[in-house]
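Asker: Before I ask anything, here is the structure I am working with.
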Amino acid sequence: GENVEQHPSTLSVQEGDSAVIKCTYSDSASNYFPWYKQELGKRPQLIIDIRSNVGEKKDQRIAVTLNKTAKHFSLHITETQPEDSAVYFCAASIRYSTLTFGKGTMLLVSP
Amino acid sequence: NAGVTQTPKFRVLKTGQSMTLLCAQDMNHEYMYWYRQDPGMGLRLIHYSVGEGTTAKGEVPDGYNVSRLKKQNFLLGLESAAPSQTSVYFCASSSAWGYTFGSGTRLTVV
Chain A
244 GENVEQHPST
254 LSVQEGDSAV
264 IKCTYSDSAS
274 NYFPWYKQEL
284 GKRPQLIIDI
294 RSNVGEKKDQ
304 RIAVTLNKTA
314 KHFSLHITET
324 QPEDSAVYFC
334 AASIRYSTLT
344 FGKGTMLLVS
354 P
Chain B
18 NAGVTQTPKF
28 RVLKTGQSMT
38 LLCAQDMNHE
48 YMYWYRQDPG
58 MGLRLIHYSV
68 GEGTTAKGEV
78 PDGYNVSRLK
88 KQNFLLGLES
98 AAPSQTSVYF
108 CASSSAWGYT
118 FGSGTRLTVV
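Residue numbers (this note's numbering), protein chains in the order written: chain A, 244 to 354; chain B, 18 to 127.
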């Protein structure tokens with residue numbers, strides 16, 4: 244089955260810096276790659292997603308890039324703010340079926 | 018429009034007890050899922066369903082059973098709870114437009 248590796252496990256940045264989280268996947272048939280933000284005690288919330296026919300997608304301070312050849316995708320957050328502090332998960336699936344998640348990255352943004 | 022509703026939100030069980038977690042969705046989604054979340058492990062798929070009357074095993078199915086008798090409901094059962102099943106359980110449903118997660122059930126087995 245699909246295997247998703249996520250790095251780093253923790254990331255500390257200063258407010259205003261950029262943050263990058265990287266994921267690799269194993270199943271070349273995967274074609275949907277969402278990113279979730281989870282605050283303590285809350286459910287995962289979708290922040291951005293990308294489908295395999297697109298190489299990059301941006302939504303204000305958040306962007307995701309996908310390299311299908313190398314089977315990796317990355318989350319980029321620019322101008323980080325303290326409220327960006329949370330755990331971020333990448334995931335992969337085939338046509339909106341079962342999601343396979345990475346183990347998560349705890350992002351800490353210091354004022 | 019409630020989305021995905023999980024009950025209960027919290028539960029403490031004694032080892033060997035049984036219980037059922039209920040997930041209900043009102044979005045007419047065909048696909049439903051049960052995940053468990055443990056510290057440092059991300060979310061792992063327990064069981065899933067691709068439609069009413071169907072179920073399938075995920076990554077960590079041992080010790081759990083599921084049923085999908087109605088399209089809107091997906092039940093997760095623990096027949097004989099073990100401390101290793103202490104976790105946060107999330108239900109989700111999906112369509113071509115994406116996934117919706119419930120608010121989670123925090124289960125402690127003592």
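Think of the CB as a built atom: it goes at the ideal place given N, C-alpha and C, for glycine as much as any other residue.
For Glu-248 of chain A, name the three-state secondary structure that DSSP assigns.
Answerer: strand
Asker: Tell me Ala-306 of chain A's beta-bridge partners as DSSP assigns them.
Answerer: A:Lys-301, A:His-319
Asker: Look at the alpha carbon of Val-83 of chain B and the alpha carbon of Lys-300 of chain A, and state the distance between them as a whole number of angstroms.
Answerer: 37 Å
Asker: For Pro-85 of chain B, which residues from the same chain have a beta carbon less than 8 Å from its beta carbon, with the 5 sequence-adjacent residues on both sides left out?
Answerer: The residue asked about is misnamed: residue 85 of chain B is Arg in this sequence, not Pro. Contacts found: Met-49, Ser-66, Gly-68, Glu-69, Gly-70, Thr-71, Thr-72, Phe-91, Leu-92.
Asker: Thinking C-beta only, is Tyr-268 of chain A closer than 9 Å to Asn-246 of chain A?
Answerer: Closer than 9 Å, so yes.
Asker: For the beta strand (DSSP E) containing Asp-292 of chain A, name the first residue and the last one.
Answerer: 288-294
Asker: To which residues of the same chain is Asp-302 of chain A closer than 7 Å at the C-beta, ignoring the five residues directly before and after it?
Answerer: Residues of the same chain with a CB within less than 7 Å of the CB of Asp-302 of chain A, apart from the 5 flanking positions on each side, are Ile-291 in chain order.
Asker: In chain B, which residues lie with their C-beta within 9 Å of the C-beta of Phe-316 of chain A?
Answerer: None at all; the shortest Cβ gap to chain B is about 16 Å.
Asker: Can you pull the chain D neighbours of Gly-298 of chain A, defined as C-beta to C-beta under 7 Å?
Answerer: Of the chains in the structure shown, none is chain D; the protein chains are A and B.
Asker: Leaving out the 5 sequence neighbours to the left and right, which residues in its chain are closer than 6 Å to Phe-344 of chain A when beta-carbon positions are compared?
Answerer: Phe-332, Ala-334
Asker: In whole angstroms, give me the CA-to-CA distance for Trp-114 of chain B and Leu-342 of chain A.
Answerer: 14 Å
Asker: Evaluate Gly-59 of chain B with the Cβ neighbour count: other Cβ atoms within 10 Å of its Cβ, from every protein chain shown; 16 or more gives buried, anything less gives exposed.
Answerer: buried
Asker: Examine chain A for any beta-carbon lying closer than 9 Å to the beta-carbon of Met-44 of chain B, and answer yes or no.
Answerer: no
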